[in-house]
Amino acid sequence: MRIALFATCLADALFRHQHAMVARRYGDESLATRAEDVASRTYELSELLVDVLGVTDVGAYYPHRVTYHPTCHSLRMLRVGDKPLQLLRAVRGMTLIELPAAESCCGFGGTFALKNSETSTAMLADKMGNVLSTGAEVCSAGDSSCLMHIGGGLSRLRSGVRTVHLAEILASTEKIGSPA
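One rule links them: number in my numbering = place in the sequence shown (from 1) + 1.
Here's what the structure looks like:
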């Protein structure tokens with residue numbers, strides 16, 4: 002069985018929940034059927050590891066203080082629950098710090114940030130305040146667009162907090178003393 006894996010929530014959510022609907026709207030039942038077939042074999046990274054493969058410990062080593070931002074798409078569209086946290090809790094050497102108001106949006110939301118820049122900026126400020134309050138060195142998430150938005154804000158503050166995709170942490174075998 003072939004599967005499709007997405008490392009970004011938005012692409013996964015749109016493909017799984019929108020592709021067939023759009024094909025039907027434009028009268029292409031054949032495409033809609035194929036899209037449903039592929040969607041049934043499409044997983045977000047943590048879903049694939051935890052639900053399909055039954056793995057929560059991938060053998061990663063990441064000696065840093067990390068906080069995790071659960072993205073809107075992973076929470077509300079994909080409903081991955083705590084699967085990313087299950088994976089992060091098993092990472093050796095890492096201190097996982099709970100993010101206050103974790104389920105609050107970072108304010109990106111694609112075009113939302115452009116069309117509603119003041120609101121987006123205020124939401125980002127709240128998210129960054131929560132990230133900084135943890136004392137974490139790293140803010141992780143499963144969506145590159147959220148990481149770009151949060152990372153840009155943290156960089157402008159010269160906070161020293163880095164953003165790192167969940168997949169990068171899970172793939173890490175950093176040794177003590179390695180440059181971060």
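Using N, Cα and C, we set each Cβ at its ideal position, and we do this for glycine too.
Cβ-based neighbour list, residue i, same chain, cut-off 8 angstroms, excluding 5 preceding and 5 following
i: Ser105; result: Met124, Asp127, Lys128, Asn131
i: Val162; result: Val132, Leu133, Ala137, Glu138, Val139, Cys140, Leu155
Collapsed DSSP secondary structure at residue i in the structure displayed
i: Ala102; result: coil
i: Val53; result: helix
i: Ala21; result: helix
i: Ser163; result: Position check: residue 163 holds Arg in this sequence, whereas Ser was assumed. If DSSP states are grouped into helix, strand and coil, Arg163 belongs with the strands.
i: Thr72; result: coil
i: Arg77; result: helix
i: Glu138; result: coil
i: Glu48; result: helix
i: Glu175; result: coil
i: Arg66; result: strand
For residue j and residue i, believed in contact at Cβ under 8 angstroms, the rounded distance
i: Leu88; j: Thr68; result: In fact, because the Cβ distance is near 15 angstroms, the residues do not count as touching under 8 angstroms.
i: Ser173; j: Tyr63; result: 4 angstroms
i: Val59; j: Leu171; result: 5 angstroms
i: Ala1; j: Leu46; result: This structure gives no information on residue 1, because the portion of the chain shown stretches from 2 to 181.
i: Gly154; j: Ile98; result: Not confirmed; about 19 angstroms, so no contact.
i: His18; j: Met78; result: 6 angstroms
Cβ neighbours of residue i in the same chain (closer than 7 angstroms, five flanking residues each side left out)
i: Cys147; result: His70, Thr72, Cys107, Phe109
i: Ser160; result: Leu133
i: Val81; result: Glu45, Ser47, Glu48, Ser75
Spatial neighbours of residue i in its chain, beta-carbon cut-off 6 angstroms, leaving aside the 5 residues before and after
i: Ala103; result: Pro71
Touching by the beta-carbon criterion (3+ pairs, under 8 angstroms), the stretch 136-143 and the stretch 108-123: No contact exists between the stretch 136-143 and the stretch 108-123.
Completely contained alpha helix (DSSP H) runs for the stretch 83-135, where each covers 4 or more residues: Unbroken alpha helix (DSSP H) runs of no fewer than 4 residues, entirely contained in the stretch 83-135, are found at 84-90, 113-116, 118-134, following chain order.
Touching by the beta-carbon criterion (3+ pairs, under 8 angstroms), the stretch 21-40 and the stretch 70-77: No: fewer than three Cβ pairs fall under 8 angstroms.
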